[in-house]
Structures are given as C-alpha cells and as structure tokens.
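Asks:
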Amino acid sequence: MAALHQRWWFWAATLAALLALPALAPQYVVHIANFILIYTLPVVGLGFLTGFTGRVSLAQGALFGVGAYTTALLTTKLGWAPVATLVPSVLMTIVLAVSLGGAAVRLAGLYFVMATIGIQQIVWLVLMNWIELTNGPQGVRSIPAVGLGEYSLETPQQFYFLALVAAGISYFLAKRVIGSRLGLFLRALSDDQLAASSVAVEVGRAKVTALALSAAWAGAGGFLYAHYVRFIHPDMFGLEPSVLFLVMSMFGGYRSIEGMIVATALLESATEYLRPFGEFRMIAYGMILLLGMMFFPMGILTLVRRRAGAPAAGKD
Amino acid sequence: MTLLAASKVSLSFAGVRALVNIDLQIEEGELLGIIGPNGSGKSTLFNVLSGIYRVDQGTIVFRGERIERFGIAQIVRRGIARTFQNKRLFGTMSVLENVEVAAMKGVQGSALGDVFGLNSSLQARKKAGAIAERCLVLTGLADSTGLLARDLPYGAQNRLEIARALALEPTLLLLDEPAAGLNPSERAELQELIRRVHAEGLTIALVEHDVRMVTGLCARAIVLDHGEKIADGASAMVVRNPRVQAAYFGEVESEEEAHAA
Chain G
1 MAALHQRWWF
11 WAATLAALLA
21 LPALAPQYVV
31 HIANFILIYT
41 LPVVGLGFLT
51 GFTGRVSLAQ
61 GALFGVGAYT
71 TALLTTKLGW
81 APVATLVPSV
91 LMTIVLAVSL
101 GGAAVRLAGL
111 YFVMATIGIQ
121 QIVWLVLMNW
131 IELTNGPQGV
141 RSIPAVGLGE
151 YSLETPQQFY
161 FLALVAAGIS
171 YFLAKRVIGS
181 RLGLFLRALS
191 DDQLAASSVA
201 VEVGRAKVTA
211 LALSAAWAGA
221 GGFLYAHYVR
231 FIHPDMFGLE
241 PSVLFLVMSM
251 FGGYRSIEGM
261 IVATALLESA
271 TEYLRPFGEF
281 RMIAYGMILL
291 LGMMFFPMGI
301 LTLVRRRAGA
311 PAAGKD
Chain H
1 MTLLAASKVS
11 LSFAGVRALV
21 NIDLQIEEGE
31 LLGIIGPNGS
41 GKSTLFNVLS
51 GIYRVDQGTI
61 VFRGERIERF
71 GIAQIVRRGI
81 ARTFQNKRLF
91 GTMSVLENVE
101 VAAMKGVQGS
111 ALGDVFGLNS
121 SLQARKKAGA
131 IAERCLVLTG
141 LADSTGLLAR
151 DLPYGAQNRL
161 EIARALALEP
171 TLLLLDEPAA
181 GLNPSERAEL
191 QELIRRVHAE
201 GLTIALVEHD
211 VRMVTGLCAR
221 AIVLDHGEKI
231 ADGASAMVVR
241 NPRVQAAYFG
251 EVESEEEAHA
261 A
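As given, the protein sequences belong to chains G and H, one line each in that order. According to the numbering used here, the first sequence is numbered sequentially starting from 1. According to the numbering used here, the second sequence is numbered sequentially starting from 1.
Pasting the structure below:
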C-alpha cells in the first residue's frame with residue numbers, strides 16, 4: 001500500500017481544505033489556524049538545529065521576538081512599510097543569533113543548550129530594559145497590518161492567506177535546504193562528527209549555517225507574528241515560547257519537516273484545551289515531550305510511515 | 001617519488017609515549033603495510049597522519065607541503081583519506097548518501113546553489129552522484145544503495161567505509177584494520193578489492209593485525225612496537241627479523257602463520 005502522503009489526492013484534499021478553511025470555519029478557528037501557520041516557521045527553523053544537526057536550542061522564542069521587535073520598531077518608530085521590513089527583520093535575527101551563538105554552536109551539545117538559555121535571557125532583558133529603544137515593559141502598540149496595495153490584511157480571514165503562503169514558502173524552502181548538500185552535511189555530522197570532518201565536511205561552518213538558517217526562519221515567523229497580533233511585549237518572547245517551539249520541533253519529527261508541521265498544529269490546538277491549566281501548561285508540554293520521546297522517538301509521523309512499511313528515517 | 005615523509009614524529013598522552021621518533025616514507029604508488037602488536041601505535045600513527053591528533057614533535061610533509069599542524073578537513077582536502085577501525089559510518093543515512101557526502105568534496109557549487117536549483121550546483125551534484133556510484137560498484141555495494149548504513153551486514157559496512165574514502169578521490173588512502181572481524185571469504189574479497197584499488201594507481205597504507213594479509217598484499221612493511229618503528233623493508237623479510245619476532249610473534253601459532261604466508 002502506498003503511504004497516504006504519496007497519493008496525489010491526499011495533497012489535493014489538504015490544499016483544498018486549507019484554502020476553504022477561512023470561508024467555512026468560525027473566526028476563532030481561523031485565528032488559531034493563523035497562529036499554527038505562523039509557528040510552523042520558527043518550529044521548522046529550529047528543526048534545522050534539533051533534527052538535522054543534533055543541537056537543542058532554547059533560544060528560538062527569543063529569536064522569534066527579535067524578528068517581531070525589528071519589524072515592530074521599524075514600522076512604528078520609523079514609519080517603514082511592513083513589507084519593507086521583512087528582510088531587515090530576518091537579517092537582524094541572523095546577525096544576532098550568529099554573533100551570540102556562533103561560537104557556542106560549535107561546542108558539544110550541552111554547552112550549546114546552556115548558551116541558548118543565556119541568549120534567551122539576554123534578549124529578554126534587553127527587550128525589557130532598553131526602554132528608549134523597545135518601550136520596555138510597555139511593549140509596542142499599534143503595529144500596522146501588512147498592506148498589499150490598497151488592501152490591508154487586518155481580519156484573521158484576510159491574514160490567513162498571507163500566513164498560508166508564508167508557511168508554504170517556508171516548507172518548500174526548508175525541503176530544498178534539507179535536500180541540498182548542506183542537509184547532507186548536517187545529517188552526517190549529527191551522526192558522527194569525526195567521520196564528517198574526515199570526509200572534508202567543514203563541520204564548524206555547517207553548524208553555524210544551520211544556526212543562521214534556524215534564526216532566519218524564526219525572524220520571518222516573528223515578522224508575521226508582529227503584524228498579526230499588532231501588539232508585542234517582551235514576555236511573549238520568554239522561555240515559554242522557546243520551550244513550546246522545542247517541544248513542537250522534537251515531538252514532530254526527527255528529520256521530518258512534515259512531522260514538525262503536524263506537531264505544531266496538534267500542540268497549538270491542544271494549547272487551547274490546556275488553557276485551564278494556566279501556568280501549569282509548561283508541565284503538560286513537558287509530559288507531552290516525555291511521552292512523545294518514549295513512544296515516538298522518531299516523531300509522530302512514524303505512526304503513518306510504520307503502517308506504510310516505509311523506513312522511519314530516510315530522505316523522503 | 002616520495003608522497004609522504006614523516007620525520008622524527010613523536011606524540012605522548014599524559015606521559016605515555018604513543019609515538020617515538022617515527023620516520024616514515026610512503027612512496028607514490030606503493031601499498032605499504034603497517035604491522036605491530038595491539039597498542040603499538042599503528043592507529044595513533046594514522047590519527048596523526050589524518051589530523052585527528054597533533055604531533056608533539058616532528059614534521060610530516062605530504063606532496064611537498066608541511067601538514068602536521070593541519071586540521072582533519074584540511075588534510076583530507078589535500079588528498080589523504082582514511083577508514084576507521086571501528087566503523088564510523090553515518091548510520092541513519094543511506095548507503096548512497098554516505099558516499100555522496102564524501103563525493104561532494106570534489107565538486108563545485110554551494111548549498112545555496114542547491115536550494116535555488118542553480119545549474120552549476122545541479123551539475124555538481126550529478127557529478128558527485130556519478131563518483132559515488134562508481135565507488136559503490138567498485139566495492140560491490142551497488143545493490144544496497146537505498147539501505148540505511150546501520151542496516152548493512154558487518155562485512156558490507158566495512159566495504160562502505162572504503163567506498164566512502166574512495167569517493168574523496170584521494171592520493172593516499174589509509175586503511176585502518178579493514179579486515180577486523182571479517183570471516184575468511186570476506187577477507188579474501190577485501191584483499192581482492194584492495195588489490196584492485198591499488199592497481200588503479202592509488203597509494204595505500206594498510207594497518208593490519210593479520211600478518212598473512214600484509215605479506216600477501218604489501219611489498220614493503222614497517223613494524224611498530226611501543227610507539228617505535230622497529231623494522232622497515234620488504235614485508236617477507238621484515239616478518240623474519242628477530243626483533244620483530246620477539247615483539248610481535250611471541251606466540252608459536254602466529255609464527256607458523258607468518259611462515260605459511
């Protein structure tokens with residue numbers, strides 16, 4: 001039996017459902033769907049580090065925030081058009097990630113995790129305390145919606161299509177990156193770093209590139225987020241989103257971009273049900289991560305693949 | 001012509017002398033055997049030549065260039081490839097991908113070019129694929145390209161290590177105990193493979209515990225003991241050297257083996 005994801009009608013139906021969603025679903029569902037689409041960017045970006053390079057980062061939420069703050073400040077303080085701030089937001093996030101984490105990503109895994117917790121704290125502290133630049137605890141208000149010509153994407157339904165296209169491009173590009181020689185190098189070095197060096201892989205450079213890419217995806221996600229919620233605050237980019245993205249990325253897939261996207265959808269929807277837990281949601285995420293790693297160490301999509309008889313970890 | 005010349009190479013680990021004043025020449029086109037008892041420094045020598053360890057003293061000149069301070073990737077780019085005694089394959093990658101990673105060394109283009117489908121990158125990948133395929137055919141792995149490396153039988157993993165090293169298109173190939181753990185028929189196949197690769201003009205240094213294999217394959221051999229080179233010459237002569245016998249062939253059984261070869 002061919003696996004579900006190998007049948008054309010599966011993809012056609014998925015696409016049709018995605019396109020029809022804002023017309024058919026209640027606004028609240030579209031709103032959740034927008035968050036899911038936005039979050040797929042930092043999650044997939046983090047996947048370059050976790051799944052493909054074997055490096056766990058707890059700074060993805062902060063990098064997401066750097067992207068969000070860059071566009072928020074450029075549009076509200078300097079009056080830039082939102083579309084013009086996408087590239088600066090991505091670049092800013094890359095520069096920050098590489099300058100703060102570029103040295104650490106070359107170190108052994110545990111040191112890198114520690115370093116990313118540090119980066120997470122530094123970014124939060126700067127956002128909170130550099131009041132002249134970031135407004136500190138006041139946050140940034142009245143971030144403009146993304147405009148396309150005369151059209152302004154203000155309602156969840158309008159924004160949905162931008163988020164869908166962005167998530168689609170992110171997915172497509174991520175697949176290309178993973179299929180590129182860089183993807184091959186990253187998988188090689190996460191399997192055996194010494195062996196990778198001895199087949200001429202520039203291990204350090206490959207890891208820094210993976211970090212830069214994961215930051216680029218986080219920055220782009222932050223850009224979308226800022227123009228969707230239109231009010232941002234340092235606390236939105238603390239440790240919680242970092243943990244959330246990490247859980248989504250790891251639960252979803254060991255080297256499976258589709259798995260990461262599915263996990264983002266499942267966990268973000270579940271977040272709504274976890275709301276009664278309030279602050280204890282983090283414990284619930286921890287439990288989900290733990291159970292996921294116990295029962296689906298290669299990610300949730302192994303369920304589908306196992307039934308299709310395909311190997312759990314492979315190129316496709 | 002001398003391809004690689006190491007002179008007075010020494011290396012200690014926390015006071016334990018692993019290599020002591022080693023002088024070693026590898027001539028272009030030769031198949032050199034390196035033998036010695038366990039712990040005699042054979043693998044350490046390879047780790048030095050391939051940049052995993054830095055020497056404390058001494059120089060290593062490869063094709064006229066000093067390489068003793070170079071890193072692993074730098075050395076492999078100069079043309080020295082190696083295999084590992086305890087297999088270091090990319091377990092979660094396919095057989096083909098294992099070799100493709102190495103074949104990428106010799107091709108142009110960049111990851112960014114791959115992502116955006118630039119023609120130069122596509123050509124480069126095609127070329128790497130061709131190199132990989134040739135190496136897999138040569139090592140008899142052409143039928144297993146889609147398997148994950150970790151799912152291969154042990155003997156085939158051995159050959160995959162060699163295929164991966166060959167895909168680097170090296171000038172000098174270092175084989176670190178490639179026959180370890182193989183059964184007699186796999187051993188014979190491996191010897192045949194080494195002969196074939198050597199016949200194509202590749203210079204090879206072979207670390208091996210099995211003396212018969214070395215005398216059978218290599219015209220010249222050196223013997224290490226306690227990190228010192230104690231013999232260097234025609235392999236059939238070297239194994240008869242009394243000092244070598246004392247260090248290496250302490251047991252009667254292996255002495256007979258050596259003579260039988």
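The beta-carbon is built from N, C-alpha and C at its ideal position, and this holds for glycine as well. Because the structure is a prediction, the values reported are computed rather than measured.
With a threshold of 16 other CB atoms inside 10 Å of the CB of Gly-109/H, please say whether the residue is buried or exposed.
Replies: Sequence index remark: in the second sequence, residue 109/H carries index 109 (1-based). Looking at its Cβ environment, which holds 16 or more other Cβ atoms inside 10 Å, Gly-109/H is buried.
Asks: Alpha carbon to alpha carbon, how far is Leu-11/H from Ile-35/H?
Replies: Stepping through the second sequence from its first residue, residue 11/H is reached at position 11. Stepping through the second sequence from its first residue, residue 35/H is reached at position 35. If you take the alpha carbons of Leu-11/H and Ile-35/H, they lie about 19 Å apart.
Asks: Along the chain, where does the alpha helix (DSSP H) that runs through Lys-229/H open and close?
Replies: Counted from its first residue, the second sequence places residue 229/H at position 229. Segment 228-234 is the beta strand (DSSP E) holding Lys-229/H; no alpha helix (DSSP H) there.
Asks: Would you kindly report the start and end of the unbroken alpha helix (DSSP H) that includes Asp-191/G?
Replies: Here residue 191/G refers to the residue found at position 191 of the first sequence. Per DSSP, Asp-191/G belongs to the alpha helix (DSSP H) from 181-191.
Asks: Spell out whether any CB of chain H is found under 9 Å from the CB atom of Val-87/G.
Replies: Numbered from its first residue, the first sequence carries residue 87/G at position 87. It does not; no Cβ of chain H falls within 9 Å.
Asks: Quick check: what's the CA-CA separation for Gln-138/G versus Val-101/H?
Replies: Along the first sequence, read from residue 1 onward, the residue named residue 138/G stands at position 138. Along the second sequence, read from residue 1 onward, the residue named residue 101/H stands at position 101. About 50 Å.
Asks: Does Tyr-39/G pass the burial test, meaning 16 or more other C-beta atoms within 10 Å, or should it be called exposed?
Replies: Taking the first residue of the first sequence as 1, we reach residue 39/G at position 39. Looking at its Cβ environment, which holds 16 or more other Cβ atoms inside 10 Å, Tyr-39/G is buried.
Asks: With H, G and I counted as helix, E and B as strand and the rest as coil, what does DSSP make of Leu-24/H?
Replies: Indexing the second sequence from 1 puts residue 24/H at position 24. Leu-24/H: strand per DSSP, three-state reduction.
Asks: Quick check on Gln-126/H: buried or exposed, where buried means 16 or more other Cβ atoms within 10 Å of its Cβ?
Replies: Reading the second sequence from its first residue, position 126 is the one you call residue 126/H. Residue identity differs from the one stated: residue 126/H is Lys in this sequence, not Gln. Exposed, since its Cβ has fewer than 16 Cβ neighbours within 10 Å.
Asks: Hey, does Phe-48/G have any beta-carbon neighbour from chain H nearer than 9 Å?
Replies: Numbered from 1 along the first sequence, position 48 holds the residue referred to as residue 48/G. Taking Cβ atoms only, chain H never reaches closer than 9 Å to Phe-48/G, which makes this a no.
Asks: Residues of chain G with CB under 7 Å from Arg-164/H, in chain order?
Replies: Taking the first residue of the second sequence as position 1, residue 164/H is located at position 164. Val-199, listed in chain order.
Asks: So that I know if they touch, is there some Cβ in chain H lying closer than 9 Å to that of Leu-274/G?
Replies: Your numbering for residue 274/G matches position 274 in the first sequence. Taking Cβ atoms only, chain H never reaches closer than 9 Å to Leu-274/G, which makes this a no.
Asks: Roughly how many whole angstroms lie between the Cα atoms of Ala-68/G and Trp-80/G?
Replies: Residue mapping note: residue 68/G aligns to position 68 of the first sequence, counting from 1. Residue mapping note: residue 80/G aligns to position 80 of the first sequence, counting from 1. Their backbone Cα atoms lie some 14 Å apart in a straight line.
Asks: Which value, in whole angstroms, describes the spacing of the CA atoms of Asn-158/H and Ala-180/H?
Replies: On the second sequence, residue 158/H is found 158 positions in, with the first residue counted as 1. On the second sequence, residue 180/H is found 180 positions in, with the first residue counted as 1. So the two alpha carbons sit approximately 9 Å from each other.
Asks: Under 7 Å Cβ-Cβ, which residues of chain H neighbour Phe-185/G?
Replies: Here the question's residue 185/G lines up with position 185 in the first sequence. Per Cβ cutoff of 7 Å: Val-101.
Asks: Cβ of Tyr-171/G within 9 Å of Cβ of Val-30/G?
Replies: Against the first sequence, residue 171/G aligns to sequence position 171. Against the first sequence, residue 30/G aligns to sequence position 30. For Tyr-171/G and Val-30/G, no; Cβs fall outside 9 Å.
Asks: Under 6 Å Cβ to Cβ from Val-9/H, same chain only, skipping five residues before and after it: list those, please.
Replies: Within the second sequence, numbered from 1, the residue matching residue 9/H stands at position 9. So the list reads Leu-19, Ile-22, Val-55 and Gly-58, once near-sequence residues are dropped.
Asks: Short of 6 Å in beta carbon distance, which residues of its chain neighbour Ala-220/G, apart from the five on each side in sequence? Order them along the chain.
Replies: Numbered from 1 along the first sequence, position 220 holds the residue referred to as residue 220/G. Leu-41 and Val-90, listed in sequence order.
Asks: Ends of the alpha helix (DSSP H) at Ala-17/G?
Replies: Walking along the first sequence from the start, residue 17/G turns up at place 17. From DSSP, the alpha helix (DSSP H) with Ala-17/G extends over 8-24.
Asks: Determine whether the Cβ of Lys-127/H lies closer than 9 Å to any Cβ atom of chain G.
Replies: Counted from its first residue, the second sequence places residue 127/H at position 127. Taking Cβ atoms only, chain G never reaches closer than 9 Å to Lys-127/H, which makes this a no.
Asks: From Val-247/G, Phe-295/G and Ala-174/G, pick the residue whose C-alpha is nearest to that of Phe-48/G; which is it?
Replies: Translated into positions along the first sequence, residue 48/G becomes position 48. Taking only the C-alpha atoms, the option nearest Phe-48/G is Ala-174/G.
Asks: Hey, which unbroken runs of the alpha helix (DSSP H) at 4 residues or more fall wholly within the region 94-132 of chain G?
Replies: Entirely contained in the region 94-132 of chain G, the alpha helix (DSSP H) runs reaching 4 residues are, in chain order, 109-129.
Asks: Please classify Tyr-28/G as buried or exposed, where buried requires at least 16 other C-beta atoms within 10 Å of its C-beta.
Replies: Position 28 of the first sequence, counted from the start, is the residue given in the question as residue 28/G. It is exposed - the Cβ of Tyr-28/G has fewer than 16 other Cβ atoms within 10 Å.
Asks: Beta carbons nearer than 9 Å to chain H: which residues of the region 172-183 of chain G have them?
Replies: So the list reads Leu-173, Arg-176, Val-177, Gly-179, Ser-180, Arg-181, Leu-182 and Gly-183, given in the order they occur along the chain.
Asks: Does any residue of chain H have a CB that is nearer than 9 Å to the CB of Leu-266/G?
Replies: As a first step, residue 266/G is located in the first sequence; it is residue number 266 there, counting from the start. No, no contact with chain H.
Asks: Round the Cβ separation of Val-98/G and Val-115/H to the nearest angstrom and send it over; I've been treating them as touching at under 8 Å.
Replies: Along the first sequence, one-based indexing puts residue 98/G at 98. Along the second sequence, one-based indexing puts residue 115/H at 115. Their Cβ separation, rounded to whole angstroms, is 18 Å, which puts Val-98/G and Val-115/H out of contact at 8 Å.
Asks: Could you tell me the distance, in whole angstroms, from the CA atom of Gln-85/H to the CA atom of Gly-286/G?
Replies: Here residue 85/H corresponds to residue number 85 of the second sequence, with the count starting at 1. Here residue 286/G corresponds to residue number 286 of the first sequence, with the count starting at 1. If I take the Cα positions, the gap works out to 40 Å.
Asks: Taking CB distances under 9 Å as the criterion, tell me whether Ala-195/G reaches chain H.
Replies: Taking the first residue of the first sequence as 1, we reach residue 195/G at position 195. At least one chain H Cβ lies under 9 Å of Ala-195/G.
Asks: Do you know how far the Cα of Glu-228/H is from the Cα of Met-213/H?
Replies: For the purposes of this step, residue 213/H is taken as residue 213 along the second sequence, with counting starting at 1. For the purposes of this step, residue 228/H is taken as residue 228 along the second sequence, with counting starting at 1. Computed Cα separation, rounded: 22 Å.
Asks: Return helix, strand or coil for Met-92/G, following the three-state DSSP convention.
Replies: Translated into the one-based positions of the first sequence, residue 92/G becomes position 92. The answer is helix: DSSP assigns Met-92/G an H, G or I state.
Asks: Could you please give me the residues that DSSP links to Val-322/G through a beta bridge?
Replies: No statement about residue 322/G is possible, as the shown extent of chain G runs from 1 to 316 and does not include it.
Asks: Using CA coordinates, which residue listed in Val-146/G, Val-44/G, Thr-53/G and Asn-129/G is at the minimum distance from Asp-235/G?
Replies: Position 235 of the first sequence holds residue 235/G. Here the closest residue by C-alpha is Asn-129/G.
Asks: Could you name the residues of the same chain whose beta carbon sits closer than 6 Å to that of Gly-309/G, not counting the 5 residues immediately before and after it, in chain order?
Replies: Position 309 of the first sequence holds residue 309/G. Low confidence applies here, because Gly-309/G scores a pLDDT of 44, under 50, leaving its location unreliable; read the following figure in that light. Around Gly-309/G: no qualifying Cβ.
Asks: Using a Cβ-Cβ cut-off of 9 Å, state whether Gly-114/H counts as contacting chain G.
Replies: Taking the second sequence and counting its residues from 1, one reaches residue 114/H at position 114. With the sequence shown as reference, residue 114/H is identified as Asp, and Gly is not the correct amino acid for it. Judged by the 9 Å Cβ criterion, Asp-114/H is in contact with chain G.
Asks: Which residues of the region 59-78 of chain H have a Cβ closer than 7 Å to any Cβ of chain G? Give them in chain order.
Replies: Per Cβ criterion, the list reads Ile-72, Ala-73, Val-76 and Arg-77.
Asks: Given a cut-off of 9 Å on the beta-carbon distance, is the pair Thr-70/G and Pro-82/G in contact?
Replies: Taking the first residue of the first sequence as position 1, residue 70/G is located at position 70. Taking the first residue of the first sequence as position 1, residue 82/G is located at position 82. It is not a contact, given that the beta carbons lie outside the stated cut-off.
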